[in-house]
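Structure first, commentary second.
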Amino acid sequence: MAVPLTTLVEEADRYLGSAKIADYCPNGLQVEGRPQVMRIVSGVTASQALLDAAVEAQADLILVHHGYFWKGENPCITGMKQRRLKTLLKHDISLLAYHLPLDLHPDVGNNVQLARQLDITVEGPLDPNNPKVVGLVGSLAEPLSARDFARRVQEVMGREPLLIEGSEMIRRVGWCTGGGQGYIDNAIAVGVDLFLSGEASEQTFHSARENDISFIAAGHHATERYGVQALGDYLARRFALEHLFIDCPNPI
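For the sequence shown, this note's numbering gives the first residue as 456, with consecutive numbering after it.
What follows is the structure in structure tokens.
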């Protein structure tokens, strides 16, 4: 059963509260395709690989976390950007993208969904006094060594994480999916034993080592696979649509 594109977009915008969240890109409908939607394909990033897979799957709409039209980028429609947009327009497929709204949502958000994957009990925001800090803090049911927790991450993510090992057992965890390594100092301030993000920077090592906490970089793509799947499942249930998550592997 098909649903009007406008109805689906309105519900996604409402559910995520995207109008209230300042971001680095437009959230919501980025490319308009056919007016009726029966099949959603979701993925982390609107790469050419995902677009081609969605065309093959006969998708009406592609739902992603990383879409297009980022602040500061060259606005010209050339090269890679031209090829991507041409694929969408040629096949009349819509592109629906949510960045920070999908990081922050308390149910389908990337950070909450990752906590469920890793069996972390969410306690609250990483910095309750600063809503611009995208991340959470929580606890494990039983203390683990840093290496044992890293093994859990590897089993869930399907890839070996980067581990900087501190001296303490892991009880309290702070985390931010994707490129959230800059929040390590916020995590240190609230007294976590381990901070987890998708990526690491050169200075991350020194912050972790000199403050004696553990740090894990589990992959930007890998840590952000779960929110878009959960949002796609929500929309599919809400409107009785087909939903297919397609994972285009990315080692970063």
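Think of the CB as a built atom: it goes at the ideal place given N, C-alpha and C, for glycine as much as any other residue.
Values in this document were obtained by computation on a predicted structure and should not be read as measured data.
Cα-Cα separation, residue i to residue j
i      : j      : result
Gly488 : Ile625 : 48 Å
Ala727 : Ala663 : An answer regarding residue 727 cannot be provided, because it is not within the stretch 456 to 707 covered by the chain.
Phe670 : Lys545 : 45 Å
Lys541 : Ala512 : 17 Å
Ser652 : Leu581 : 12 Å
Asp688 : Ile639 : 31 Å
Ile668 : Arg607 : 18 Å
Leu555 : Glu654 : 17 Å
Ala596 : Ala673 : 21 Å
His560 : Ala474 : 13 Å
Trp630 : Ser594 : 11 Å
Gly635 : Gly613 : 20 Å
Leu599 : Val628 : 11 Å
Val577 : Val647 : 13 Å
Pro530 : Ala508 : 26 Å
Arg538 : Asp547 : 14 Å
Ile575 : Leu649 : 12 Å
Asn705 : Gly534 : 21 Å
Gln503 : Gln684 : 19 Å
Ile476 : Pro616 : 31 Å
Glu528 : Gly579 : 34 Å
Ser656 : Gly637 : 8 Å
Ile517 : Gln658 : 36 Å
Sub-8 Å separation of residue i and residue j beta-carbons
i      : j      : result
Glu620 : Arg602 : yes
Ala605 : Leu591 : no
Val519 : Ser497 : yes
Leu686 : Leu569 : no
Cys480 : Lys526 : yes
Ile532 : Leu690 : no
Val499 : Arg680 : yes
His661 : Ile707 : no
Gly682 : Val563 : yes
Thr632 : Asn565 : yes
Cys703 : Leu460 : no
Assumed close pair residue i, residue j - CB separation to whole angstroms, cut-off 8 Å
i      : j      : result
Gly522 : Ala501 : 5 Å
Gln572 : Val510 : At roughly 29 Å, the Cβ-Cβ gap does not stay under 8 Å, so Gln572 and Val510 are not in contact.
Asp515 : Gln491 : 7 Å
Val588 : Asn666 : Contact flag wrong, Cβ pair sits at about 17 Å.
Ala457 : Met493 : 5 Å
Phe694 : Leu463 : 6 Å
Which ranges does the beta strand (DSSP E) cover as unbroken runs of at least 3 residues, wholly within the stretch 556-586, from first to last along the chain? 575-580
Validate contact between the stretch 697-705 and the stretch 463-471 using beta carbons, cut 8 Å, 3 pairs: no
Along the chain, which unbroken stretches of the beta strand (DSSP E) at least 3 residues long are found entirely within the stretch 589-620? 591-599, 617-619
In the stretch 641-687, which residue ranges form an unbroken alpha helix (DSSP H) of at least 4 residues, counting only runs that do not cross its ends? 657-665, 675-678
Contiguous beta strand (DSSP E) assignments of at least 3 residues, all confined to the stretch 472-497: Correct list: 483-486.
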